[in-house]
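Under the working numbering, think of the first position of the sequence shown as 2, with each following residue one higher. Don't be surprised by glycine CBs; every beta carbon is placed ideally from N, CA and C. Since the model is a prediction, treat every value here as computed from it, not as a measurement. This report refers to the structure that appears directly beneath it.
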Amino acid sequence: MSIHSLSVVHPNAKVGAGVTVGPFSYIEDDVEIGEGSYIGPNVTIYAGSRLGKNVKIFPGAVIGGEPQDLKFEGEYTTAQIGDNTTIREYVTVNRGTAYAGTTIVGKNCLIMAYAHVAHDCVLGDNIVIANNVNLAGHVVLDDYVIIEGQVGVQQFVRIGQHSFIAGGSLVRKSVPPYVRAAREPLSYIGVNRIGLQRRNFSIKQINTIHEIYRILFVKGLNITNAVTEIEASVPVCQERDDVVQFISGTEKTGIIRSFNSLNDTTQV
Numbered sequence: 002m003s004i005h006s007l008s009v010v011h012p013n014a015k016v017g018a019g020v021t022v023g024p025f026s027y028i029e030d031d032v033e034i035g036e037g038s039y040i041g042p043n044v045t046i047y048a049g050s051r052l053g054k055n056v057k058i059f060p061g062a063v064i065g066g067e068p069q070d071l072k073f074e075g076e077y078t079t080a081q082i083g084d085n086t087t088i089r090e091y092v093t094v095n096r097g098t099a100y101a102g103t104t105i106v107g108k109n110c111l112i113m114a115y116a117h118v119a120h121d122c123v124l125g126d127n128i129v130i131a132n133n134v135n136l137a138g139h140v141v142l143d144d145y146v147i148i149e150g151q152v153g154v155q156q157f158v159r160i161g162q163h164s165f166i167a168g169g170s171l172v173r174k175s176v177p178p179y180v181r182a183a184r185e186p187l188s189y190i191g192v193n194r195i196g197l198q199r200r201n202f203s204i205k206q207i208n209t210i211h212e213i214y215r216i217l218f219v220k221g222l223n224i225t226n227a228v229t230e231i232e233a234s235v236p237v238c239q240e241r242d243d244v245v246q247f248i249s250g251t252e253k254t255g256i257i258r259s260f261n262s263l264n265d266t267t268q269v
């Protein structure tokens, strides 16, 4: 363990073996930092923060700050960062509120500079968030989501696993799994084939996903009828179940539609 003499680390903070803390960093009481982690210069880690093993925090980042939520009344909450995750310069990860009690960033994630993860967000594993992405409160990102730079995500929105969000997008509705989303308003523009191939999905699996989204977004059906047809015509498989369950769980926010269907009043 190497703690620079110009940093301030509360004596009750739990700092694991092999942790490095750079100069001018500030670590409060009730903080846990897993072994092998790197805390760079000028990092602030507030009480309630829980960092896993081999986490890297770059200068200017603030972890575990109070939620930017007027309903927050000082209740005890936490912010969790999973093993092997990298938090780049000036990222902010706020603690949770009484609603969920915690904010979670999973394992093996890369959160690039100036991104913001608000209260009660839940981020899965192997996620990449590029520069200047802002996640509002209660956002859920499933595993392997990639979000390009300058994206804003509205509160309570969910983005499904293996999906890709193009830079500069405004995400106002939930984005189902396995897709690419772009344009304004944010729309389905295709299956994330390249990402799926990189993660060793078979051609059969990818073709099944294409068929699911052909029914959902191309055939001109409303969502209820599309789901009925998917369940009737697509053989039972994990990918089919993932999409159907995602849709049923996002009724409050709704899901994005294909760009060509946005002017079609039957798509409700």
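Asked: Continuous alpha helix (DSSP H) stretch holding Arg-194: start and end; Found: 194 to 199
Asked: Simplified DSSP state of Lys-15, which is helix, strand or coil; Found: strand
Asked: Nearest to Ala-167 (by Cα), restricted to the options Gln-156, Pro-186, Val-158 and Lys-57; Found: Pro-186
Asked: Gly-61 to Ala-233 span [Cα, whole Å]; Found: 52 Å
Asked: Under the three-state DSSP convention, the category Leu-217 falls into; Found: helix
Asked: Euclidean distance between Cα positions of Gln-268 and Ile-105; Found: Because Gln-268 carries a pLDDT of 41, less than 50, the predicted location of this residue cannot be relied on, and no value is offered for it.
Asked: Ser-175 and Ile-147 closer than 9 Å at C-beta; Found: no
Asked: Closest Cα partner of Cys-122 within the set Glu-90, Gln-151, Asp-70 and Ala-114; Found: Asp-70
Asked: Spatial distance of Phe-157 from Ala-116 (CA atoms); Found: 18 Å
Asked: For Lys-108 and Val-172, the rounded distance between their alpha carbons; Found: 24 Å
Asked: Endpoints, the alpha helix (DSSP H) within which Ser-249 is located; Found: 239 to 249
Asked: 9 Å Cβ cutoff met for Val-219 and Val-245; Found: no
Asked: Validate contact between the segment 207 to 224 and the segment 91 to 105 using beta carbons, cut 8 Å, 3 pairs; Found: no
Asked: Three-way DSSP call (helix, strand, coil) for Gln-206 in this model; Found: helix
Asked: Beta-carbon proximity check, Arg-96 vs Glu-74, cutoff 9 Å; Found: no
Asked: Gly-87 vs Gly-65 beta-carbon contact at 9 Å; Found: In the sequence under discussion, the amino acid at residue 87 is Thr, which differs from the Gly named in the question. Cβ atoms of Thr-87 and Gly-65: not closer than 9 Å.
Asked: Anticipated Cβ contact below 8 Å, Lys-54 with Gly-37, distance rounded; Found: 5 Å
Asked: Buried versus exposed, by CB contacts within 10 Å (16 or more), Asn-226; Found: exposed
Asked: Counterpart residues of Leu-71 in DSSP-defined beta bridges; Found: Note: Leu-71 sits in no beta bridge, so no partner.
Asked: Secondary structure of His-139, DSSP reduced to three states; Found: coil
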